[in-house]
Structure formats: C-alpha cells, structure tokens
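Number of protein chains: 2
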Amino acid sequence: MRERILNAARRKPVDTTPIWIMRQAGRYLPEYRQLRERHSMEEICRAPELTVEATLQPLRRFDLDAAILFSDLLVPLWGMGVSFDLVEGRGPVLQKALTPAELAVLPPLDLGGVEFTFHAIRLLRRELDRPLIGFTGGPFTFASYLIEGKPSRDYPRTRAFLHTYPREWEGLMKRLADNLALYLKGQIEAGVQMVQIFDSWVGVLSPQDFRERVKPYLNAQLEQVGNGVPRIYFSTASAHLFPEFVTLPVEVMGVDWRVSLTQAKGIFDNTYALQGNLDPTLLLGHEEDLLAKASTIVGEGRMLVGHIFNLGHGILPATPPERVARLVDWVHAQGARG
Amino acid sequence: MRERILNAARRKPVDTTPIWIMRQAGRYLPEYRQLRERHSMEEICRAPELTVEATLQPLRRFDLDAAILFSDLLVPLWGMGVSFDLVEGRGPVLQKALTPAELAVLPPLDLGGVEFTFHAIRLLRRELDRPLIGFTGGPFTFASYLIEGKPSRDYPRTRAFLHTYPREWEGLMKRLADNLALYLKGQIEAGVQMVQIFDSWVGVLSPQDFRERVKPYLNAQLEQVGNGVPRIYFSTASAHLFPEFVTLPVEVMGVDWRVSLTQAKGIFDNTYALQGNLDPTLLLGHEEDLLAKASTIVGEGRMLVGHIFNLGHGILPATPPERVARLVDWVHAQGARG
Chain A
0 MRERILNAAR RKPVDTTPIW IMRQAGRYLP EYRQLRERHS MEEICRAPEL TVEATLQPLR
60 RFDLDAAILF SDLLVPLWGM GVSFDLVEGR GPVLQKALTP AELAVLPPLD LGGVEFTFHA
120 IRLLRRELDR PLIGFTGGPF TFASYLIEGK PSRDYPRTRA FLHTYPREWE GLMKRLADNL
180 ALYLKGQIEA GVQMVQIFDS WVGVLSPQDF RERVKPYLNA QLEQVGNGVP RIYFSTASAH
240 LFPEFVTLPV EVMGVDWRVS LTQAKGIFDN TYALQGNLDP TLLLGHEEDL LAKASTIVGE
300 GRMLVGHIFN LGHGILPATP PERVARLVDW VHAQGARG
Chain B
0 MRERILNAAR RKPVDTTPIW IMRQAGRYLP EYRQLRERHS MEEICRAPEL TVEATLQPLR
60 RFDLDAAILF SDLLVPLWGM GVSFDLVEGR GPVLQKALTP AELAVLPPLD LGGVEFTFHA
120 IRLLRRELDR PLIGFTGGPF TFASYLIEGK PSRDYPRTRA FLHTYPREWE GLMKRLADNL
180 ALYLKGQIEA GVQMVQIFDS WVGVLSPQDF RERVKPYLNA QLEQVGNGVP RIYFSTASAH
240 LFPEFVTLPV EVMGVDWRVS LTQAKGIFDN TYALQGNLDP TLLLGHEEDL LAKASTIVGE
300 GRMLVGHIFN LGHGILPATP PERVARLVDW VHAQGARG
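Protein sequences, first through last, are from chains A and B. Residue 87 in numbering that gives the first Met the number 0 is what sits at position 88 of the first sequence, and the numbering runs on without skipping anything. Residue 316 in numbering that gives the first Met the number 0 is what sits at position 317 of the second sequence, and the numbering runs on without skipping anything.
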C-alpha cells in the first residue's frame, strides 16, 4: 500500500508531497452525476456497493494518495433516531426541529443503524492499494445542524442556544462527542487508515465560547478515538481560534485558504502536520495561476515537518476534471524537499 | 447636539461609552413591522418621509447616541442602472446576472437616481438632536453582490472572478470605488455626521487577495470620502486580515464578536477607535449573561483611546426591544473610565 500520506501525517520523510481533495468524489465528475441520475444521495450512502463505486470513481481518474469514504456528514444521525432529508444543492434539512429538552437527551448511537458504512469500508479495503480516509463531524458541527435545522451562514440559533441553555448544550455536546467517537472507532475497526473530523463552521465562535463550550467535548471525542490512525481536524475561517487549536489531540491540522501555511506554522510551530490550502476557485481559472499558487503552497509545505496538499475547502461542482488531473500530477512531480 | 459618539470616534474624552446598534431600525421593532405591512422595503428606501420614520423609530424608544439612515446597502445600484429585488428574509437578488464584460464597464453613479436618499438626510437633520450615520458598502461587497447575483456563504464566484478575470475585476473595483465614494460624499453634503463602510464578508479572502485585489480600491474610496466626518470600516470573520487593515484611512475599526477588543487592540494598537463587539445572540438569552458580557466589553473599551459600543453584527429579528433598552441604559450608566 502507498503510505506517503500516512508518513506525512506522522511527520516522517516522504518522496514527494501527498495530495487528496475534499469532495473528490462528487458532482464535478460526469460519472458521479450519472450515478446520481439513477440513485439518491441516501441510496448511495446506504448501499455499500454504491458507496464503493462513488468512493473509487476519482481514484480511477487521478493518482490521489488516499480515497475518502463517500458518505454524508450527517449519516450517523440515522443511528441516533433523527430524520433528515438531503436536499440537492441546499444540504441536509431536518424533518422536525428538536426542542432544547429533546436535544439534551439525544439517544446513544445505535451502531446497527449505520452498519452499511462499516460494510462499505470493509469492501473498499479489499479494492484499494492506498489509504482510505474515514470521517465524521465534531460535536459543534452536529449540534449546529440539529439546532438550526437547515444550512446557515453564521449559526445565530446555535450561538443563542449555547448562551441561553448551557445545561442542555452540555448534555447535547457530551452525547454527540461519545456518539461520534463511537462512529469513528467503528470506521477504524472496519479498516480506514486515517480520519478527518469536519468542524467547518466552528469559526463563527469567539475563542472564549470555543474554549468553554466546545473544546472539552471535542477533546473527549478525539481522545476516545485515540491515535491508532492519524486524525485530521478541519475547519474554515478559524484563524482566530488557532491558539485554542494548539492543544487538540490530533496529528494533522487543516488550514483553509484564508491564511497561508507559513502563517499557520507561526502559531502551530511543528505540533502538527498541516493540510491544505489551495483556494478551490483557482481550479476554475487559468492553469498558470493555479500552478503558481500550488507552487507557493508546496514551497511553504516543505518548510513544515509534514504537509498534505489539499484544497482549503471542498472542490466546486463547476471544476473541470482535467484541471484536477493536472494539479495532482504536478504536485507529485515536485519531489521531496530540496 | 449630543457629540459623545463623534468624540469617541475622534479619540477625544467622553463622559460615558457611546452606543448604537447595527440594524437598530428593523424587524425586531413592532412599529417597524407595522410600517412594513403597508410598505415594501423599496418604498421605504425611495420615499423620504418613510425613510425618516423608519430611521427615527428606534430613537423614540432608546437613548441611542446616533441614528443611522434607514436604507438598503444596494440602493446606490439603482443609480448605476442595475435592477434588483429585495426579497424578504433572503436579501437582494439581481434581476439579471451581469457578464464579466458588462461588469468591467459599469456606468458612473447618477446622483439624480438616488436623490431620495439625500432628501431623507436633509429632513432627518432637522429632526435629530444627535448624529446621523450614513453608510454604503466597500467595493468588494458591491462586486460580490453583482457577481454572485444572490446571497452566498463564502462567495466562490467572486473569488473565482478575481482570479480568472483580473482586468475586468480591476475595472469593476475602480468604478465601484468612485461611485461609492460619490454616494458617501453626497450623504455627507446632505448632512450625515459619520459614515460606516460595510464590507461584511471581506473575510472570505486571503491576506494576499485582499492586499492585491481589494485594498487599493478600498483605499481610493476612503481617500475620496476624506476625513471631514469619522469613517467606520466594518467587516466580520476578518481577524486574519487585521494586519492589512492597520493602514486603512479610517477613524474607527469595527470588530465582530469572534475576537475580543483586547485582541484587536493587540494589532491595531491605538491607530483607530474600535467599535463593537457584543454577540447579537446574547440579546436573546438571559439578562445576566448579557450584562456580564457587556461589562467585559465596556471594561476592555476603557483600555482603548476610543470605544463605540455596538453589536458584532446586525441585531436579530427575534430580539425583545426591552432587552435593547436595558443594554443601552446599562452601558450609559457605567460612566467614564475610572
């Protein structure tokens, strides 16, 4: 198995910069759009053979250093008795908003309710000659979906909830931390070699709210998962929280395009390998602009003890697949640090 | 006229911390909702007597240190031949997306097309015994509305545009800077005593993109406006850009709730008076939590050479008006720095 990405995550030497791409299995691929003509998102998530197909599609085209399990972030809610619809182009929408009292007593995760995910991972392990990344969200991200009930720009209901219902918030976050750790441990047991914890919008919080109302539960989740496989923590628009992130028990810290890897290194020093951080919109423009920026990022990455090349956020549906192929090959052609 | 807020903006001594509230004229007020039952947003913006009524409503209830002109951010587009609809609960939506070529040659602002705004300001000046704040957006904010055509979370089309069409971007930003400066100068001439430049979502950019693709045009706008009245620059989720903001020609820097005033002072030192930065969701919760946080903010503000109390972003429609009254009176009761 190609171990380049695992070595970078463990801050060991690599022959060249490893690369994978957030949402690499997705709507920018014609073969994925064909799959979606015949099956809903929910069907693809629930049927292991369809999950395998969607996961493998980008690996057939691009020399990526890892596959990432195809799934929806909120899938584990199906194992917690919460119903939601995956609305195309809009994201998940809860069928019924939960009250603060209901949120405080969310049931434990029923692993049987998400067995299809573990089944797909076992199938994928047989097919793949490179690492498979598993994933879930952090407790804040799940709490915010449950409280808002629909996609939001800066999560005012969630911020109001954590200020107004501190006890219910604590109950919710504790349960989510346990459930999401259990879900990730199930993925690791089934065979993933790395995990990413998505907390994309945690940057809406102040450092104080993050420290007091989120970090204890995120820590609990990460500690329960353990360091058997490398853990990546991902968020966006969160540079003001980096000083709080310094002590998180993970191996890799995701960085979005809003700050440079060098700026991030200024705060994280060599505590973590860093992952990132190309602005996904550069894949829509001119190739020379794309490669100029990629060159800057690879150069900055060589000053780190570990760097995994990725976008700063998910790939956009309008991206031409041939641009992705060019980027992946170009990054690999740069070789090891000079 | 009560000059407290102007003195704070000019970093002169004040008897107590001045306060105003972003979106203080708006949907949380029953009398505003009544007005909106009879008139559309567009009607209120276009009819000077209705603008005056909406602007004055919060001042009849609360002892605010300034009024802010009631208007929509995009009103000056009507003076640039661009049509859009104000869609309730969703924001402005363009009637037709403009091509890059059309954007590059946006027409100069026709001041006659926004004369109703200046008329409303002249009427308000006769009624008010305290400063009136005028406002508009920065060129990035206007460019992003024109390019996206509808509200967006992280403005991928705008980021793609500025990377892909640098020449068209430059043409658009130059014209917007000139037009928006002209619009603000018209407001100042008509009688506003202070202006706020809203660049709420500029934080989606990297420091490099901000420095190279936004700052020159923002500077041009601000310099054309001049320092005859204090200028406030407002953005959110932009702490990673603060080092770039240090040299902007403004008197007051807005700070959202994501960073503390003390953290902001660490970067801005005493270059600017600071405005902010209560999380608006605290107005929805318990009064003791609200006042505890307000106390922290007033205390931090006393360590600055100039502080204007405000929320970190607009007031939420669900806010109880009596909570606002309590906050305003409580802030004033704290007196001058000890």
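Backbone N, C-alpha and C define an ideal beta-carbon position, used for all residues, glycine too. Small disclaimer: the values here were computed from a predicted structure and weren't measured.
- Under the criterion of beta carbons closer than 8 angstroms, B:Ala66 and B:Leu58 qualify as touching, at roughly 6 angstroms.
- Contact residues of the stretch 158 to 171 of chain A toward chain B are Arg158, Ala159, His162, Thr163 (C-beta to C-beta distance below 8 angstroms).
- Sequence-distant partners of B:Leu28 (beyond 5 residues in either direction) whose C-beta falls short of 8 angstroms from its own C-beta, in its chain, are Gln56, Pro57, Arg60, Pro320.
- At a cut-off of 8 angstroms between C-beta atoms, B:Arg322 does not count as an interface residue with respect to chain A.
- In the structure shown, B:Phe267 adopts helical secondary structure according to DSSP, grouped into three states.
- Counting along the chain, B:Gln223 sits inside the alpha helix (DSSP H) bounded by residues 214 to 224.
- Residue environment for A:Glu299: buried (at least 16 other C-beta atoms within 10 angstroms of its C-beta).
- Any Cβ of chain A closer than 8 angstroms to the Cβ of B:Asp278 would place that residue at the interface, and such an atom is present.
- Linking B:Phe117 to B:Pro155 through their CA atoms gives a straight-line distance of about 35 angstroms.
- Of all alpha-carbon atoms in A:Thr235, A:Thr135, A:Ala142, the one lying nearest the alpha-carbon of A:Val191 is that of A:Thr135.
- Non-local beta-carbon contacts of A:Arg325 in its own chain, meaning distances under 7 angstroms to residues more than five positions away in sequence, involve Glu286 in chain order.
- The three-state secondary structure of A:Val86, taken from DSSP, is strand.
- By DSSP's assignment, A:Met252 forms a beta bridge with A:Tyr232, A:Leu273.
- Residue environment analysis places B:Val297 among the buried positions, since at least 16 neighbouring C-beta atoms fall within 10 angstroms of its C-beta.
- In the three-state DSSP reduction, B:Gly136 falls in the strand class (E or B).
- The Cβ atoms of A:Ala46 and A:Phe69 do not sit closer than 8 angstroms to each other.
- The stretch 247 to 263 of chain A makes no contact with the stretch 163 to 176 of chain A, as fewer than three CB pairs between them are under 8 angstroms.
- Residue B:Leu240 holds the alpha-carbon nearest to the alpha-carbon of B:Pro206 among B:Leu122, B:Val81, B:Arg10, B:Leu240.
- Residues are counted here when their Cβ sits less than 7 angstroms from a Cβ of chain A; for the stretch 222 to 243 of chain B these are Ala236, Ala238, His239, given in chain order.
- By the beta-carbon neighbour count (other beta carbons within 10 angstroms, threshold 16), A:Pro229 is buried.
- Looking from the CA of B:Glu42, the closest CA among B:Arg10, B:Val113, B:Arg89, B:Ala8 belongs to B:Val113.
- Secondary structure of A:Ile296 (DSSP, three-state): helix.
- A straight-line Cα-Cα distance of about 14 angstroms links A:Leu5 and A:Ile187.
- DSSP places B:Ala103 within a helical segment (H, G or I) once states are collapsed to three.
- Pairwise C-beta distances place the stretch 193 to 205 of chain A out of contact with the stretch 95 to 115 of chain A, as fewer than three of them are shorter than 8 angstroms.
- For B:Ile18, the secondary structure class from DSSP, reduced to helix, strand or coil, is strand.
- A straight-line Cα-Cα distance of about 7 angstroms links A:Ala238 and A:Val258.
- Of all residues in the stretch 281 to 315 of chain A, the ones placed with a Cβ closer than 8 angstroms to any Cβ belonging to chain B are Leu281, Leu283, Gly284, His285, Asp288, His312, Leu315, in chain order.
- Look at A:Leu310 here: in three-state DSSP terms it is strand.
- In the DSSP secondary-structure assignment, B:Leu93 is bridged to B:Phe83.
- Any Cβ of chain A closer than 8 angstroms to the Cβ of B:Pro99 would place that residue at the interface, and such an atom is absent.
- Assigned with DSSP and collapsed to three states, A:Gln186 falls in helix.
- A Cβ of chain A is located within less than 8 angstroms of the beta carbon of B:Pro155.
- The C-alpha of B:Thr140 lies about 30 angstroms from the C-alpha of A:Ile266.
- For B:Trp329, no chain A residue has a Cβ inside 8 angstroms of its Cβ, as the nearest lies near 17 angstroms away.
- With a cutoff of 8 angstroms on beta-carbon distance, A:Ile196 and A:Ile231 are scored as near each other.
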